[in-house]
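Undergrad:
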Amino acid sequence: MAAVLSLLLVVLISHAPSAFPATTTEATTGLRVAITRTDSPSSFTFKERFHRAVERSRRRREVLKLAKSSRHDVEAVFKWGDSEYLIELAVGTPMQPITAILDTGSDLIWTQCMPCIRCLPQPSPYYDPSTSSTYSVLPCSSPSCSGVQHFCTQALCQYYTSYGDNTETNGFLGTETLTFGRKRVPGITFGCGSWNNGTLSNSTGIVGLGRGSLSLPSQLHPRRFSYCLTPDKSTSTGHLFLGSKAKLGRRHRGGRVQTTPMLPSPSAVPFNTYYYLPIQGISLGRTLLPIPKTAFQIKKDGNGGMIIDSGTQFTIVDPAAFHVIVKKISSLVHLPVAELTNESLCFSWTPGLHPLPEMPDMVFHFDGANMVIPRDKYMFLDPDDGFCLAIIAMDGTSILGNYMQQNMHILYDLESNSLSFADAQCDQI
């Protein structure tokens, strides 16, 4: 690996800075960035997509269990299926367009780079740092280098990051000007990945929005950011808002704004990058489900609790909570059971043969706020394959997935450490 990366050094060495790059100060104006979805592969049926998502969830749980073994070598993210949201931006001077996966569950911003020693297919040309007048590779002595697993190559900061689905990226950490619409932001630390493996689902890299020092919010220093995700089968565009553009007001156009405090994140890596929510319980209709309190408790090793994640499709809960939810839903849905395992629940459904059952709202009760989830955001429907619960069971940390977050404007207030949300038509914001 070191030998082949020496090719990249020829390009990068002329861009090594003579001093530390200027850091980005607190954002005084807001940013608005369009969010689109990856193209879902038509060759997969709903059940195949469902089981692929379950498998990605299992890999994530395995990664979380490994987190205690190393400080930096695990990024607890599972991605790259049919459920990602993308943002479009540009890198460098002159600008080179990239399309990156939006991820609140990780920190590093990175894109594939020329010269490509090993790169994955992507929809646009690979970013070429040799043509940019604003690119600088960072030295190992840079404080930013300590924010990611790294080693030194000729005193330059070479990073390595792997993800829960075995996707990995290796290259040099540098600084560059990023452009969001008409807004140019200089001095952003990012990874220039020249050796990449796995799959990126029609994107060029990742933009991390987590709590770590190298995430986009941590570098831009906005007091808040928000996003609004369009529905699963929609071709419309949602948006990411940062700084002054991120606001809900007392009453959002889509409904009443509710706010809950976010819990302090555990200190252990990678849990310290996640946004934890103070979940108190779950109701289905007027029935508060008898879920044990221990199902959502944060443990001393960092596991447990519930996080919110833009990059996870299905909501994941502890098996103790899952079995209670399944029992209640099974009593409401009078359809033949097509699949019932320790991880998932699906019913057989044929248009014209069985009416689609009416079902009450599901409510996630947080400290001071209730998130109302209608049937079509906690159940999946596919005319050919079935009627399935969009919640799966896994040991460890529970995750509020992006399927339940669709058509909901969600605001992360980093100053007050709180999360606000309101129903919305995300293609109209």
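Heads up: the sequence shown begins at 3 in my numbering, then just goes up one per residue. Think of the CB as a built atom: it goes at the ideal place given N, C-alpha and C, for glycine as much as any other residue.
Considering only residues of the same chain and omitting the five flanking positions on each side of Leu122, which have a CB-CB separation below 6 angstroms?
TA: What you label residue 122 is simply residue 120 of the sequence shown in a count that begins at 1. Excluding sequence neighbours, Leu122 sits near Asn198 and Leu202.
Undergrad: Using a 10 Å radius around the Cβ and a threshold of 16 neighbouring Cβ atoms, would you call Phe182 buried or exposed?
TA: Mapped onto the sequence shown, residue 182 falls at position 180. With 16 or more other Cβ atoms within 10 Å, it is buried.
Undergrad: Shortest alpha-carbon distance to Gly287 belongs to which of Thr136, Pro362, Asp378 and Ile318?
TA: Numbered from its first residue, the sequence shown carries residue 287 at position 285. Checking every option, the nearest Cα to that of Gly287 belongs to Pro362.
Undergrad: Is the beta carbon of Ser205 closer than 7 angstroms to that of Cys115?
TA: Mapped onto the sequence shown, residue 115 falls at position 113. Mapped onto the sequence shown, residue 205 falls at position 203. No.
Undergrad: Taking His411 and Ser228 to be in contact with their CB atoms under 8 angstroms, please state how far apart those CB atoms are, rounded to whole angstroms.
TA: On the sequence shown, position 409 is the one that residue 411 refers to. On the sequence shown, position 226 is the one that residue 228 refers to. The beta-carbon separation of His411 and Ser228, rounded to 6 angstroms, stays under the 8 angstroms limit for a contact.
Undergrad: Please list, in chain order, all residues of the same chain as Lys330 whose beta carbon is under 8 angstroms from its beta carbon, the five residues on each side excluded.
TA: Looking up residue 330 in the sequence shown gives position 328. Cβ within range, chain order: Leu286, Thr289 and Leu291.
Undergrad: Leaving out five residues before and five after Ser143 in sequence, what residues of the same chain have Cβ atoms less than 8 angstroms from its Cβ?
TA: By 1-based counting over the sequence shown, the position of residue 143 is 141. Contacts found: Ala157.
Undergrad: By how many angstroms is the C-alpha of Ser138 removed from the C-alpha of Val79?
TA: Numbered from its first residue, the sequence shown carries residue 79 at position 77. Numbered from its first residue, the sequence shown carries residue 138 at position 136. Legend: pLDDT at Val79 = 30, less than 50; position of this residue unreliable, value from coordinates given subsequently. Val79 and Ser138: Cα-Cα distance of roughly 28 angstroms.
Undergrad: Note the first and the last residue of the continuous beta strand (DSSP E) segment covering Ser420.
TA: Taking the first residue of the sequence shown as 1, we reach residue 420 at position 418. Ser420 -> beta strand (DSSP E) spans Ser420 to Asp425.
Undergrad: Report yes if the C-beta distance between Ile310 and Leu402 is below 7 angstroms; otherwise report no.
TA: As a first step, residue 310 is located in the sequence shown; it is residue number 308 there, counting from the start. As a first step, residue 402 is located in the sequence shown; it is residue number 400 there, counting from the start. Closer than 7 angstroms, so yes.
Undergrad: CB-CB under 7 angstroms to Thr136, same chain, minus the five flanking residues each way: which ones, in chain order?
TA: Position 134 of the sequence shown holds residue 136. Once the five neighbours on either side are set aside, the close Cβ partners of Thr136 are Gly94, Thr95, Glu178, Thr179 and Pro188.
Undergrad: Ala426: which of Asp415, Gln408, Tyr414 and Asn419 sits nearest, CA to CA?
TA: Taking the first residue of the sequence shown as position 1, residue 426 is located at position 424. Of the listed residues, the one whose Cα sits closest to Ala426 is Gln408.
Undergrad: Mind the definition here: the stretch 262 to 282 touches the stretch 366 to 373 only if three or more C-beta pairs lie below 8 angstroms; say whether that holds.
TA: When C-beta atoms of the stretch 262 to 282 are compared with those of the stretch 366 to 373, three or more pairs fall below 8 angstroms, so the two segments count as touching.
Undergrad: Which residues does DSSP pair with Tyr278 in a beta bridge?
TA: Translated into positions along the sequence shown, residue 278 becomes position 276. Answer is Leu265 and Ile309.
Undergrad: Find out if the Cβ-Cβ distance for the pair Gly1, Asp105 is shorter than 7 angstroms.
TA: Because the chain here runs from 3 to 431, residue 1 falls outside it and cannot be looked at.
Undergrad: Measure the C-alpha to C-alpha separation of Ser126 and Asn404 and round it to an integer number of angstroms.
TA: Start at 1 with the first residue of the sequence shown, and residue 126 comes out as number 124. Start at 1 with the first residue of the sequence shown, and residue 404 comes out as number 402. Their Cα atoms are separated by approximately 26 angstroms.
Undergrad: Would Leu216 and Gly149 be called neighbours here (beta carbons separated by less than 7 angstroms)?
TA: Locating residue 216 in the sequence shown gives position 214, where the first residue counts as 1. Locating residue 149 in the sequence shown gives position 147, where the first residue counts as 1. A contact, by the Cβ cut-off of 7 angstroms.
Undergrad: For His325 and Leu279, I'd like the C-alpha separation in whole angstroms.
TA: One-based indexing of the sequence shown puts residue 325 at position 323. One-based indexing of the sequence shown puts residue 279 at position 277. Computed Cα separation, rounded: 21 angstroms.
Undergrad: What is the residue span of the beta strand (DSSP E) that Val209 lies within?
TA: In the sequence shown, residue 209 corresponds to position 207, counting from 1. Unbroken beta strand (DSSP E) run through Val209: Gly207 to Gly210.
Undergrad: Any Cβ of chain C within less than 7 angstroms of the Cβ of Thr181?
TA: Within the model displayed, chain C is absent; a lone protein chain is all it includes.
Undergrad: If you follow the alpha helix (DSSP H) that Ile401 is part of, which residue opens it and which one closes it?
TA: Here residue 401 refers to the residue found at position 399 when the sequence shown is read from its first residue. From DSSP, Ile401 is part of no alpha helix (DSSP H) but of the beta strand (DSSP E) over Ser400 to Leu402.
Undergrad: Candidates Tyr165, Leu175, Lys301 and Met406: which alpha carbon is nearest Ile318's?
TA: One-based indexing of the sequence shown puts residue 318 at position 316. It is Met406 whose Cα lies nearest to the Cα of Ile318.
Undergrad: Going by DSSP, what residues sit across from Gln151 in a beta bridge?
TA: Working through the sequence shown from its first residue, we reach residue 151 at position 149. Gln151 has no beta-bridge partner at all, per DSSP.
Undergrad: Over what stretch of residues does the beta strand (DSSP E) that includes Phe192 continue unbroken?
TA: Within the sequence shown, the letter at position 190 stands for residue 192. That run of the beta strand (DSSP E) goes Lys185 to Asn199.
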